[in-house]
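Numbering (my numbering), first residue to last: 1 to 333.
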Amino acid sequence: MGKSALAVIVLLSGLLFVSCEKGMRDTEGKPLQIGEQYVMTKAGLEHAPMPRDTDGNRLEAGREYIMTSEGLTVKPYLEDNAGNKVQIGSDYMMTEEGLKLVAKRDIRGRVRDGSGRFVGGITVSIAHSDHKVQSDADGNFSLPFIEGSVRIGVGMRGLPEWCKVENLENSALSREAYPSGWDIGMVELPCTLVQAGDGRSRWSTANGRYVDNGDGTVTDTESGLMWEAIAQEQNLAWDAAREYVEKLNLAGFSDWRLPTPREVGMLFDADIACGWRGLTVIRGVVSVWTSEQYDPASAVVYNLCTGRARKSSGLDEGVGINPGVVAVRNAVK
1 MGKSALAVIV LLSGLLFVSC EKGMRDTEGK PLQIGEQYVM TKAGLEHAPM PRDTDGNRLE
61 AGREYIMTSE GLTVKPYLED NAGNKVQIGS DYMMTEEGLK LVAKRDIRGR VRDGSGRFVG
121 GITVSIAHSD HKVQSDADGN FSLPFIEGSV RIGVGMRGLP EWCKVENLEN SALSREAYPS
181 GWDIGMVELP CTLVQAGDGR SRWSTANGRY VDNGDGTVTD TESGLMWEAI AQEQNLAWDA
241 AREYVEKLNL AGFSDWRLPT PREVGMLFDA DIACGWRGLT VIRGVVSVWT SEQYDPASAV
301 VYNLCTGRAR KSSGLDEGVG INPGVVAVRN AVK
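If you want it as structure tokens, here you go:
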């Protein structure tokens, strides 16, 4: 009995000795690390990772964190005594209760589309800075007040190039000149969101007639025509123009053709194909071929900026004088 007990003690001592010599390990067989946390489970010591923020840094005592959808992140701003974010450019006074807002100063405005409807979700940003916000459902936005030369950008994912607003600039923004901040006023988008036939939202001209399909085509909802949005071919001879449209495969369609003078005239009347006159929903060329022939070697060319038609063979003398192509097809038959 005594020898058995002694053997067990010796055996246990041997096991403990070996464990101590090789080092204790967690349930994954990894050596225990100083400074790391472990939880005792039925299977043994299980490594419990130290809590970290979204940047992968360990949480630190004394720092403030906020919970986001990605996890805990360091609180990147101060709060005043009302619990609101302390804004750059506004004036505060330190009180026993904390920072108290004395004078609010910001860069603000409101966004609406071409139909006069206020638009939310539009990104408004200060160039060359990290400051950007999205307009709320009523179109309002507010940015921190920054002194000096400031340029404001307005945009949105999926917003077509022809609908983008020119940058808003102020070269002398100062507290003295703008004691209550810079009120930009109304920011007008020249386009509007409409519901397309497939149920998706797309951008169109203010009257809703010309819809940018986002695939290189524009649909005229009144005539049922679908246009090539960006002219890819310029300075072409008549035969080359016809060959281009016959071979064109765009947006999954191959039944493209040259437009008639009347069809091109509709683009001119709508002021959507010449930057000198209005929007450039259709862009990339000034003069275009039409399908109306004079003879086998010449046809009618239409100027989208002047509205004038002329006869051309496509071999006229002069730089850039020869027409390009804007293809069209009958979307509704």
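We treat Cβ as the ideally placed atom computed from N, Cα and C, and that holds for glycine.
Keep in mind it's a predicted model, so treat the numbers as computed, not measured.
Asked: Using beta-carbon positions only, say whether Cys-163 and Leu-189 come within less than 8 angstroms of one another.; Found: yes
Asked: Under the rule that 16 or more other beta-carbon atoms within 10 Å means buried, what is Pro-259, buried or exposed?; Found: buried
Asked: Please classify Ala-338: is it buried, with 16 or more other beta-carbons within 10 angstroms of its beta-carbon, or exposed?; Found: With the chain covering only 1 through 333, there is no way to say anything about residue 338.
Asked: Of the choices Gly-83, Val-332 and Thr-41, whose alpha-carbon is the least far from that of Leu-225?; Found: Val-332
Asked: Looking at the strands, I want to know which residues DSSP matches up with Gln-191.; Found: One detail in the question is off: residue 191 reads as Cys in this sequence, not Gln. Beta-bridge pairing links Cys-191 to Thr-205.
Asked: Going by DSSP, what residues sit across from Gln-232 in a beta bridge?; Found: DSSP lists no partner for Gln-232.
Asked: Which ranges would you report for the beta strand (DSSP E) in the segment 248-294 if only whole runs of at least 3 residues count?; Found: none
Asked: When the cut-off is 8 angstroms and only beta carbons count, does Val-218 lie next to chain C?; Found: In the structure shown, chain C does not exist; there is a single protein chain.
Asked: Helix, strand or coil, according to DSSP, for Tyr-38 in the structure here?; Found: strand
Asked: Determine whether the beta carbon atoms of Leu-173 and Ile-152 lie at a separation below 8 angstroms.; Found: no
Asked: Alpha carbon to alpha carbon, how far is Ala-346 from Ala-327?; Found: Any answer about residue 346 is impossible in this case: the structure gives the chain only from 1 up to 333.
Asked: Within 10 angstroms of the Cβ of Met-266, are there 16 or more other Cβ atoms? Answer buried if so, exposed if not.; Found: buried
Asked: Classify Glu-46 as helix, strand or coil using the three-state DSSP reduction.; Found: strand
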